[in-house]
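For the first sequence, my numbering begins at 1405 and goes up steadily by one. We put the CB at the ideal spot given by N, CA and C, even for glycine. Have a look at the structure below, then the notes.
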Amino acid sequence: MLDARLIRANPEKVEQELQKRNLSGTLDRFLLLDEERRRILGRAEELKNFRNTASQEVGKLKKEGKSADELMEKVRQAGQEIKEFDDQLKEIETKIEAILLGIPNLPHESVPVGKDESSNLEVRRWGEPRQFEFEPLAHWDIGPNLDILDFERAAKLSGARFVVYKDWGARLERAVINFYLDVHTGQHGYREILPPFMVNSDCMTGTGQLPKFAEDMFKVDGREMYLIPTAEVPLTNLYREEILEAKDLPLYLTAYTPCFRAEAGSHGRDTRGIIRLHQFNKVELVKITTAETSYDELEKLTGNAEKVLQLLGLPYRVVLLSTGDMGFSAAKTYDLEVWMPGYHDYKEISSCSNCEDFQARRANIRYRPAPKAKVQYAHTLNGSGVAIGRTVAAILENYQEEDGSVTVPEALRPYMGGLERISKRA
RNA sequence: GGAGAGAUGGCCGAGUUGGCUGAAGGCGCUCGCCUGCUAAGCGAGUAGACGGCUUAAAACUGUCUCGAGGGUUCGAAUCCCUCUCUCUCCGCCA
1405 MLDARLIRAN
1415 PEKVEQELQK
1425 RNLSGTLDRF
1435 LLLDEERRRI
1445 LGRAEELKNF
1455 RNTASQEVGK
1465 LKKEGKSADE
1475 LMEKVRQAGQ
1485 EIKEFDDQLK
1495 EIETKIEAIL
1505 LGIPNLPHES
1515 VPVGKDESSN
1525 LEVRRWGEPR
1535 QFEFEPLAHW
1545 DIGPNLDILD
1555 FERAAKLSGA
1565 RFVVYKDWGA
1575 RLERAVINFY
1585 LDVHTGQHGY
1595 REILPPFMVN
1605 SDCMTGTGQL
1615 PKFAEDMFKV
1625 DGREMYLIPT
1635 AEVPLTNLYR
1645 EEILEAKDLP
1655 LYLTAYTPCF
1665 RAEAGSHGRD
1675 TRGIIRLHQF
1685 NKVELVKITT
1695 AETSYDELEK
1705 LTGNAEKVLQ
1715 LLGLPYRVVL
1725 LSTGDMGFSA
1735 AKTYDLEVWM
1745 PGYHDYKEIS
1755 SCSNCEDFQA
1765 RRANIRYRPA
1775 PKAKVQYAHT
1785 LNGSGVAIGR
1795 TVAAILENYQ
1805 EEDGSVTVPE
1815 ALRPYMGGLE
1825 RISKRA
């Protein structure tokens, strides 16, 4: 959520920034309603002031045994008017709230301006894509061939866009989860959290999924509960409605969770394999920081995500998203794209964003910079550290051998009972 | 799912015959004094939101907030209704 006072003070500037995100005329209605709100608020408060002072006067008169009937009648009339003004205010404020909740974050000045992903900027590459002496397969062939991924039975259980992991496939998924958590907690200083996988709508509004993207989520029937689309939601909302101490910041949080996405608009993209599923696993990184440090922390967080890919020996590149490709809540986003031989291309495996105070304002996450100082909104960051399923897909494709087996990356072997190679079960 | 108790400031905790109580007291924290250091002691300060004023901030000022929403009243932390959550007991369950 943007700061209403910022919009009021610099409407042209904000409008200009929103145009970078391909929006226009977003603020007109807000400005109109905002002005009306303040007009009515002023009149309502004047009347309330009268009511307060007059009511005290009534008390005094009664104590002195004098008649207060006349004054009481005046206050009663004022009360009627106040009620009318308050009703109007409530209506206007509901509208203003709805508008503000629907406006995306403003891009940071360092973000390239563009309509879509074609304006994204490649920042750096790590690792050399392997040269194969045979035609590498895609993971949706490798997995079923080894009988470690089963799409047909997943469809029987749950339909399209689900997968069943079996044997070493299941073990590999679990190994990657544990490996990532161990690296982030042991080497990068994150606290491990195991949150609920279902949260209420306040959380979803807090991080920006609601009200605009309700159709992307799975809602629990008959309840105001949603399956989390990412651990970013419970991790960031952990501190919703709280005032934090500056000395406790920055907070580094990590969690493994499954993620559930309805993604109504994604039909036809990545229909094969485990790249785009309704349920996938992810280790997420979240930071809650001050305004002063959030951009340094974004670089570090991105580096933390990169580190696990490096340890697995998976080639990747870092891409700075353009204004047209960024998510709703982000001010700046780096995507990590891992090399996928089956695609002959890089595929997104992590998205690291600084949301500045956009989520903090929605979720009311604040901190006190110094013991007596005024509270401020915190800055929130999140990044995949990284997606588990896509990691497994990348391992299958990058480490495949000509005989159909898959070499286990060395870093994962301790998590795989020492296994060096996944071969078909005898 | 059934029965009961509760929800007050950063934390604990008074306040329910409605009226100078945005809220006693304590803890914590900040500043100052005192002290050879530390501790103890003394003094002062210490909620947030939304408006007005201001170039802006501070100061000043108004309104709102004692779980949430609604009601009664000239006036509600205090009375009434609904909801949410927490705790205890019972039931069920991994």
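Under 8 Å by Cβ, that's how I've got residue i and residue j pegged, so tell me the actual separation to the nearest angstrom.
i	j	result
alanine 1754	valine 1790	Residue identity check: residue 1754 is serine in the sequence provided, not alanine. Contact holds; Cβ gap of about 4 Å.
threonine 1658	isoleucine 1581	Rounded, the Cβ-Cβ distance is 11 Å, inconsistent with contact.
asparagine 1549	glycine 1808	5 Å
leucine 1525	leucine 1724	4 Å
glutamate 1752	aspartate 1739	5 Å
isoleucine 1632	phenylalanine 1664	7 Å
leucine 1451	glutamate 1485	6 Å
What are the partner residues of residue i, as DSSP defines its beta bridges?
i	result
alanine 1659	Ile1597 and Glu1688
tyrosine 1738	Leu1724 and Cys1756
glutamine 1683	Phe1664
threonine 1693	His1783
threonine 1811	Arg1825
serine 1788	Glu1688
If you draw a straight line from the C-alpha of residue i to the C-alpha of residue j, how long is it?
i	j	result
phenylalanine 1536	arginine 1721	20 Å
serine 1522	glutamate 1701	26 Å
lysine 1499	leucine 1406	15 Å
glutamate 1497	lysine 1424	27 Å
leucine 1427	glycine 1506	11 Å
tyrosine 1630	histidine 1682	14 Å
arginine 1627	lysine 1828	44 Å
arginine 1455	glutamine 1613	42 Å
glycine 1531	valine 1690	26 Å
alanine 1695	proline 1511	15 Å
valine 1479	proline 1638	47 Å
lysine 1736	threonine 1706	12 Å
glutamate 1474	arginine 1442	31 Å
arginine 1412	leucine 1435	7 Å
alanine 1833	histidine 1588	Here the chain has residues from 1405 to 1830 only, and residue 1833 is not among them.
aspartate 1729	glycine 1518	8 Å
threonine 1611	alanine 1666	17 Å
lysine 1651	glutamate 1513	29 Å
leucine 1816	aspartate 1438	56 Å
leucine 1655	threonine 1609	21 Å
asparagine 1641	glycine 1590	24 Å
isoleucine 1799	phenylalanine 1601	27 Å
threonine 1457	serine 1698	47 Å
arginine 1680	tyrosine 1747	14 Å
methionine 1476	lysine 1470	12 Å
serine 1733	arginine 1673	23 Å
glutamate 1577	glutamate 1646	35 Å
leucine 1718	alanine 1767	36 Å
alanine 1448	valine 1462	21 Å
glycine 1822	tryptophan 1572	12 Å
Is residue i helix, strand or coil by DSSP?
i	result
cysteine 1607	helix
methionine 1405	coil
asparagine 1708	helix
aspartate 1551	coil
threonine 1629	Here residue 1629 is methionine; the residue named in the question, threonine, does not match the sequence. Three-state result, methionine 1629: strand.
methionine 1744	strand
aspartate 1674	coil
alanine 1502	helix
aspartate 1749	strand
arginine 1770	strand
glutamine 1484	helix
arginine 1425	coil
isoleucine 1507	coil
Have a look at the options and flag the residue whose alpha-carbon is nearest the alpha-carbon of residue i.
i	options	result
phenylalanine 1555	Ile1678, Glu1421 and Phe1617	Ile1678
proline 1516	Ser1726, Val1479, Asn1414 and Leu1576	Ser1726
valine 1712	Ala1482, Gly1821, Thr1661 and Glu1688	Glu1688
alanine 1709	Gly1469, Gly1547, Asp1586 and Ala1564	Asp1586
glutamate 1649	Met1476, Glu1513, Pro1600 and Thr1693	Thr1693
histidine 1592	Phe1617, Phe1583 and Pro1599	Phe1583
leucine 1553	Val1568, Leu1561 and Glu1539	Val1568
cysteine 1378	Ala1635, Glu1806 and Thr1661	As shown, the chain starts at 1405 and ends at 1830. That puts residue 1378 outside it, with no answer to give.
leucine 1716	Val1723, Gly1787, Asn1802 and Tyr1747	Asn1802
tyrosine 1750	Arg1528, Pro1415, Gln1780 and Asn1786	Arg1528
lysine 1616	Arg1772, Leu1451 and Ala1502	Ala1502
phenylalanine 1762	Ala1574, Arg1644, Ala1777 and Glu1805	Arg1644
proline 1599	Pro1662, Pro1540 and Trp1572	Pro1662
valine 1779	Ile1769, Glu1485 and Ser1788	Ile1769
lysine 1570	Ile1444, Gly1547, Ala1564 and Glu1419	Gly1547
histidine 1543	Arg1433, Gln1460 and Thr1795	Thr1795
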